[in-house]
Structures are given as structure tokens and as C-alpha cells.
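Working notes for the structure below.
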Amino acid sequence: MAERSLRGTNLSWLSFESDEGVTFSERQMVAYTCPDGHVTELPFSVEAEIPGIWECRCGLNGKLNDGPEPELKPVKAPRTHWDMLLERRSVPELEELLEERLALLREKRGEKPRRQRTA
618 MAERSLRGTN LSWLSFESDE GVTFSERQMV AYTCPDGHVT ELPFSVEAEI
668 PGIWECRCGL NGKLNDGPEP ELKPVKAPRT HWDMLLERRS VPELEELLEE
718 RLALLREKRG EKPRRQRTA
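Residues 618 to 736 (this note's numbering) are what the sequence shown spells out, left to right.
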């Protein structure tokens with residue numbers, strides 16, 4: 618019985634709100650051009666702050682036409698695994714750990730131990 622009571626209703630996609638009494642803000646069309654030459658036009662409110670860069674459909678950043686040059690944020694160089702390792706250990710410590718691990722591997726293989734290098 619409960620299944621039949623909801624049959625025919627559009628609860629999931631029908632809105633009961635109306636546009637009566639709604640006043641839309643004034644719009645302005647703003648154009649962005651990416652390095653590949655794609656032009657993207659977007660409507661913005663007159664009161665809105667217009668961004669200097671907008672991502673194009675091709676993935677590149679388009680610049681605002683007839684606008685000021687956008688301020689680019691300084692980009693930090695990505696940290697590599699080696700950089701993070703050097704934050705935790707010094708190079709002499711790493712060389713010592715390497716020699717220990719190599720000695721263990723050689724011991725498992727049954728090889729003769731090698732003389733350690735002196736720095």
C-alpha cells in the first residue's frame with residue numbers, strides 16, 4: 618500500500634518553488650583566452666569580483682581579456698623522496714645504513730664479507 622501512495626509523484630526532481638518575486642542581479646559577459654586560442658565567455662554579476670585567470674576546457678589557464686595581468690603565486694618546488702630522506706638522516710648515516718644492509722644481504726647469500734671503505 619505504501620508503494621502506491623508515492624507512485625506518480627516527482628519528489629526527487631520537481632521543485633515547488635516559483636520564480637515569483639525573484640529579481641536577478643545585473644550580468645556582464647567576461648571573456649578569457651587560453652594560450653591555445655580557446656575563448657571562454659562567462660556571465661558574472663556586476664557586483665562580483667572578476668578573477669584574472671579561469672581554467673579552460675583544455676586544462677590550461679586562460680587570461681582575462683582586456684584585464685590586468687594576473688598575479689602569479691610563487692610555486693614551491695616539489696619535494697622528492699630524497700629530499701625528505703635527507704631531512705631525517707645525514708649522508709654519512711645513510712652510507713652506514715647501506716653498508717649494514719649490504720652486509721646482511723651478503724651474509725644471507727653466503728658471500729665473504731668485504732672490507733669497508735674508509736672515507
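By construction, the Cβ of each residue, glycine as well, lies at the ideal position given by its N, Cα and C atoms.
Following the continuous alpha helix (DSSP H) through R718, name the residue where it begins and the one where it ends. Locating residue 718 in the sequence shown gives position 101, where the first residue counts as 1. Run containing R718: 708-726, per the alpha helix (DSSP H) assignment.
Report yes if the CB atom of P652 is closer than 8 Å to the CB atom of L677, and no otherwise. As a working mapping, residue 652 is identified with position 35 in the sequence shown. As a working mapping, residue 677 is identified with position 60 in the sequence shown. Yes, the Cβ-Cβ distance between P652 and L677 is below 8 Å.
State the beta-bridge partners of L659 as determined by DSSP. One-based indexing of the sequence shown puts residue 659 at position 42. Answer by DSSP bridge pairing, in chain order: V647.
Rounded to whole angstroms, what is the Cα-Cα separation between F633 and G654? As a position in the sequence shown, residue 633 is number 16, starting the count at 1. As a position in the sequence shown, residue 654 is number 37, starting the count at 1. The straight-line gap from Cα to Cα measures roughly 43 Å.
Touching or not, the stretch 692-712 and the stretch 666-675, by the rule of three or more beta carbon pairs under 8 Å? no
Cα-Cα, which of S662, P685, L659, R726 is closest to E669? The count along the sequence shown starts at 1 and reaches residue 669 at position 52. The residue asked about is misnamed: residue 669 is Gly in this sequence, not Glu. Nearest option by C-alpha distance: P685.
With a threshold of 16 other CB atoms inside 10 Å of the CB of G569, please say whether the residue is buried or exposed. The question about residue 569 has no answer, for the chain in this structure spans 618 to 736.
Identify whether E672 lies in helix, strand or coil by the three-state DSSP scheme. Residue mapping note: residue 672 aligns to position 55 of the sequence shown, counting from 1. In this structure, E672 counts as strand in the three-state DSSP scheme.
Just the Cα atoms here: how many angstroms apart are K680 and T650? Here the question's residue 680 lines up with position 63 in the sequence shown. Here the question's residue 650 lines up with position 33 in the sequence shown. Roughly 5 Å between the two C-alpha positions.
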